Amino acid sequence: MKNNQQIFGNGVEAEGFLLLEDLRPLELIMGKPAAEFVIEEVVRKHPGLRGSFTLEQASPMMEINTGVHPDFATAIDEIFEKKTLLNAVAARHGARLVFTPVPPKPFRFIAASSDPTSHSFKLVEEWSKAVDGDEQLLATATASVQFNTSTPFQGKNQRQRWEIARLVHNKL
């Protein structure tokens, strides 16, 4: 049976970089992109967290996302709980996940995924051949925190939801 029930609430997506003690981004762990390695280890130990982490473009960069919560405070608590699990793995390799917009020190731009069919792998391969490819790649190595809410749509019909979305879009 498929559950099509809409859930309203708040969620957070937080991106960061795996940084070594000297603040250099960690590029590889045992020959694998660092974020891919750390995420795989966490999910192997905690299979219920599959889908909670996303690889970005660069190997030291990843995103943590939450489920839907009644408020942002509990969503942020979830982010930090997941960050603790990631850091337990990263610490064994001398690193920790840091929520910073850009890494404080330069790094080699290696695709976040070792899968040649992944978007990250293909993009890095394509852009690394372009004249301005290095600049394009480095421009993707920026992290942010996104706060998502569906609460304005609660109790509204489809037409009202579109109108709210139109207003918000136009204000932005």
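In my numbering, the protein residues as written are 2 to 173. Note that CB positions come from ideal geometry on N, CA and C, so glycine has one too. Remember, predicted model here, so these are calculated numbers, not experimental data.
query: Below 8 Å between beta carbons: does that hold for A144 and G52?; result: no
query: Would you call the region 19-30 and the region 75-86 in contact, with 3 or more CB pairs under 8 Å?; result: no
query: What do you get for P158, buried or exposed, if any count of 16 or more other CB atoms within 10 angstroms of its CB means buried?; result: It should be pointed out that residue 158 corresponds to Asn in this sequence rather than to Pro. It counts as exposed.
query: Can you list, in chain order, the stretches of the beta strand (DSSP E) that have 3 or more residues and sit fully within the region 26-62?; result: 54-56
query: Which residues bound the alpha helix (DSSP H) around F73?; result: F73 to A92
query: Is T213 helix, strand or coil by DSSP?; result: A query on residue 213 cannot be resolved here, the shown segment of the chain reaching from 2 to 173 and no further.
query: In chain order, what residues of the same chain have a beta carbon less than 7 Å from the beta carbon of E37, not counting five sequence neighbours either side?; result: L56, A113, S114 and S115
query: Leaving out the 5 sequence neighbours to the left and right, which residues in its chain are closer than 6 Å to V39 when beta-carbon positions are compared?; result: L87, V90 and A91
query: Determine whether the beta carbon atoms of F100 and V146 lie at a separation below 8 Å.; result: yes
query: If you draw a straight line from the C-alpha of D135 to the C-alpha of V44, how long is it?; result: 32 Å
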